[in-house]
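All remarks here apply to the structure that follows.
Residue numbers (my numbering): 754 to 1669.
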């Protein structure tokens, strides 16, 4: 009989045959049940909450995050979350006005202020903080102190009795959660009545009190479980009757509920097929027991959770390399290699396992003596897989992968040096590869230069992403010796077998690791100093050529052979940098002028522009060390006047708005940053620039004191002077800038000793001057320049006071030799800066008194300003009267000029020449 008629039949044959059939359902019940269940779900999910609860929950979430950040000392996160908390508190102002400030909010403010004060007093802890956290700590401390003034009374009350405040809050929480705990207790009593606790009920959490309907459904389900678990062999027990009883018991608690009646009705109808239901219940019960046993076992044994990687791995088990009895030869190994490489780059591929498989394949190839050709091919793929381990370009290699990569490249180069019959190249097609041992040389597709270049880039990324003030940075920097060793080995290999283009590329890599390093041993040899001990002398003799010779040889090869502009440009800039670093000013300057790089450097890519900026800065510092103050100022002017020296030198990013630079651009710019060990000291750079500007600007200002049209040589220097003048209280200088400003004021008065004491002292020595290689020579040069420029300033300032002055007196005042004083004054007279003449027999300077006095200068300035005022008035008058054609206008102007001849000097003639 068809199963569709089973619902209305009671025959024994149908009962016996329906044991293996699907449990039938009454028509229409499914739709009703789904509706009922969906209503039930709606009742449990939809909870109407007041605005107070919503706002307070938002505040609580922020407070939790702040407390977590406090535990791990993440000040940046604390600051960010505190700002969001303040904004959320502002939004809930209306509720706070009605209800009062919540106690948990006051508690956080008090705790946070105490916590920040403790951190601030911990000097050692502050030193260990990174830059962002230290900055965030000071900012947050200021903000919380200012913010807590509004809640001073509440915080004081809380601090007087913190226990009471905490108890009050706990009581409120208990009242709110009272109903839910009662319902939990009821459910627990029902569960204890059962003989066994199922895994689902054991694991299930009850955060909120369940609705009446869900209670009923749970009890009905629980009674059903009891009936099936009590005695499996009892065939006479009626499941439907048990359900009916449990349904009636629960329905006594909830009268008038249609959901309970519907549930009972559904259970009754479903009871037509006892055997089928019992079988399904048994299976469910077994699954639950298994899950419960597993959970209990884990809890009892104290087992740890196993971390499962995301994504479905394509290769679940390690595939066996080769089946038993397979003859291992080159084609079989190549086929297996291609199988492994097919999974490369696909989602879910375990990259670490792939690298292990390739290593295992290399071992098999070596054991079976398949030749060096296949081994080289496998090594190429291992190194490529190590580079692919991080799919993100911005991410850097982990330490273990980095060591493996260096080892693999060393092994590859060992094979290539030992066997001269291996030819590798990018232009070899895979079809034309020769990997089998034969009379012909091995031919392998690949490029070892590309691998080494990528290795060099990975090393730069590792250094960029390591904290420069940690020991880890020093440990990573030690690997540079190994990197340079690999580059040197590749260089000697390509010199024999590589093309000119490849040689130029590897030469540039070698140059990039050499150009910024100061050669102390060559410097000592140039000064005629020898090693202190015999071992140091022997080491110096055994060492190879100086870095200057290496740079000269490599760069000149690139100048002659390179066909790409970029490599040649980089080589020239590195060569200039190296010359400037070693105080070879004239070679560096001539190479820069002959290359004409400054004409079209703006069209180069950003890394080359950063290298150009670094070279110009180093050139300026070199000129300063040699006493070429004007050249130093000109070289540093562009970088320092922009106010973005840090960014232009690739040594960090300045804070900008998101409109100027989005997140993607910021990532790109971070990848261009120069590693910390290659940085140029920005404080030293600024000090050199300001001192150069002082030595040029102060004499110029003294010479053109009353000149209304004088120009500024350095805007940044004038800005520092204005900042110093605006200070209401002048104390002793502390920062480097304050020292330069104080020295400038002393030089303006012609007091070279005070100027010298401000520029050269212990504080400035430790910050700036001791960083130069030839410290003493630089200090002596500075003292000499200060004396000379102070003499010039003195003569400009006080020339109107003297009729004549003896050169002997000037020599004693400024501690300069008489020939030097004679030379300086002669230059000033020749350049018409000083209106005087030298009386040779008496060794005196006779002033001509042609310079206007200060009163005359002020009168001249007043006359000029009055003239410009009259011109402006005339123009305004013409505009008001209206212009009636050129002829009338000319007559008006001509008539005015004839009548007012006295204004001819500053009238319309000058108006036509000026830029008004």
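Beta carbons are placed, not taken as given, at the ideal position from N, Cα and C, and that holds for glycine.
Rounded straight-line distance, which links the Cα of residue j to that of residue i
{"i": "residue 1086", "j": "residue 1114", "result": "8 Å"}
{"i": "residue 1656", "j": "residue 1374", "result": "Below a pLDDT of 50, predicted positions are generally treated as unreliable, and residue 1656, at 39, falls in that range; the measurement from the model is reported next regardless. Spanning the two alpha carbons is a distance of roughly 52 Å."}
{"i": "residue 827", "j": "residue 886", "result": "7 Å"}
{"i": "residue 1173", "j": "residue 1324", "result": "31 Å"}
{"i": "residue 1380", "j": "residue 1205", "result": "42 Å"}
{"i": "residue 1178", "j": "residue 1331", "result": "34 Å"}
{"i": "residue 830", "j": "residue 864", "result": "16 Å"}
{"i": "residue 1480", "j": "residue 1470", "result": "16 Å"}
{"i": "residue 1221", "j": "residue 1406", "result": "16 Å"}
{"i": "residue 849", "j": "residue 806", "result": "12 Å"}
{"i": "residue 959", "j": "residue 912", "result": "For residue 959, the pLDDT reaches just 41, beneath the cut-off of 50, and the residue's location in the model is therefore unreliable, although a value from the coordinates is still provided. When rounded, the distance between both Cα atoms is 36 Å."}
{"i": "residue 1378", "j": "residue 1338", "result": "9 Å"}
{"i": "residue 1300", "j": "residue 1144", "result": "38 Å"}
{"i": "residue 1609", "j": "residue 1577", "result": "28 Å"}
{"i": "residue 1102", "j": "residue 1096", "result": "6 Å"}
{"i": "residue 1345", "j": "residue 1401", "result": "19 Å"}
{"i": "residue 838", "j": "residue 1107", "result": "48 Å"}
{"i": "residue 1497", "j": "residue 897", "result": "41 Å"}
{"i": "residue 1139", "j": "residue 1154", "result": "7 Å"}
{"i": "residue 1538", "j": "residue 1508", "result": "11 Å"}
{"i": "residue 811", "j": "residue 818", "result": "11 Å"}
{"i": "residue 820", "j": "residue 1420", "result": "30 Å"}
{"i": "residue 1142", "j": "residue 1355", "result": "36 Å"}
{"i": "residue 1633", "j": "residue 1615", "result": "27 Å"}
{"i": "residue 1536", "j": "residue 1408", "result": "38 Å"}
{"i": "residue 1280", "j": "residue 1504", "result": "35 Å"}
{"i": "residue 1463", "j": "residue 1270", "result": "43 Å"}
DSSP beta-bridge partners of residue i
{"i": "residue 1311", "result": "Answer is none; residue 1311 lacks a bridge partner."}
{"i": "residue 1558", "result": "1598"}
{"i": "residue 1177", "result": "1197"}
{"i": "residue 1504", "result": "Paired residue(s): none; residue 1504 is not in a bridge."}
{"i": "residue 1187", "result": "1196"}
{"i": "residue 1591", "result": "1598"}
Exposure of residue i, with buried meaning 16 or more beta-carbon neighbours within 10 Å
{"i": "residue 980", "result": "For residue 980, the pLDDT reaches just 40, beneath the cut-off of 50, and the residue's location in the model is therefore unreliable, leaving the point undetermined."}
{"i": "residue 1363", "result": "buried"}
{"i": "residue 1273", "result": "exposed"}
{"i": "residue 1302", "result": "exposed"}
{"i": "residue 877", "result": "exposed"}
{"i": "residue 1315", "result": "buried"}
{"i": "residue 1562", "result": "exposed"}
{"i": "residue 1199", "result": "buried"}
{"i": "residue 1367", "result": "buried"}
{"i": "residue 890", "result": "buried"}
{"i": "residue 1350", "result": "buried"}
{"i": "residue 1403", "result": "buried"}
{"i": "residue 1607", "result": "exposed"}
{"i": "residue 1365", "result": "buried"}
{"i": "residue 1501", "result": "buried"}
{"i": "residue 1152", "result": "exposed"}
{"i": "residue 1170", "result": "exposed"}
{"i": "residue 1465", "result": "exposed"}
{"i": "residue 1249", "result": "exposed"}
Near the ligand ADP: residue i beta-carbon under 7 Å from a heavy atom
{"i": "residue 892", "result": "The ligand ADP is not part of the structure shown, which contains no ligands of any sort."}
*Ignoring anything shorter than 4 residues or poking outside the segment 1110 to 1170, list the alpha helix (DSSP H) runs there in chain order.*
If we require 4 residues or more, the alpha helix (DSSP H) runs fully inside the segment 1110 to 1170 come out as 1125 to 1140.
_Contact between the segment 1447 to 1459 and the segment 1538 to 1551 (3+ Cβ pairs under 8 Å)_ = The segment 1447 to 1459, when compared against the segment 1538 to 1551, does touch it at the 8 Å Cβ threshold.
*Sequence ranges, alpha helix (DSSP H) only - wholly within the segment 1342 to 1381, length at least 4*: 1350 to 1353 and 1359 to 1378
*Starting from the N-terminal side, write out each stretch of the alpha helix (DSSP H) that is 4 residues or longer and does not extend beyond the segment 1607 to 1635.*
1607 to 1634
_beta strand (DSSP E) runs wholly inside the segment 1508 to 1569, at least 3 long, in chain order_ = 1557 to 1559
*Should the segment 1353 to 1373 be regarded as contacting the segment 1419 to 1434, the criterion being three or more beta carbon pairs within less than 8 Å?*
yes
*Counting Cβ pairs, one atom from each stretch, are 3 or more of them under 8 Å apart for the segment 1181 to 1191 and the segment 1255 to 1266?*
no
*Does the pairing of the segment 1566 to 1583 with the segment 1520 to 1528 give three or more beta-carbon distances under 8 Å?*
no
*asked:* Report the start-end ranges of each alpha helix (DSSP H) in the segment 1440 to 1499 that is 4 residues or longer and not cut off at the edges.
replied: For the alpha helix (DSSP H) assignment, the uninterrupted runs of no fewer than 4 residues enclosed by the segment 1440 to 1499 are, from N- to C-terminal side, 1468 to 1479.
*Report yes or no: do the segment 1608 to 1624 and the segment 1587 to 1598 share at least 3 C-beta pairs separated by less than 8 Å?*
no
_For the structure I just gave you, are there three or more beta carbon pairs, one from the segment 1226 to 1242 and one from the segment 1484 to 1494, closer than 8 Å?_
no
_Ordered list of alpha helix (DSSP H) runs contained in the segment 1228 to 1262, each at least 4 residues_ = 1232 to 1250
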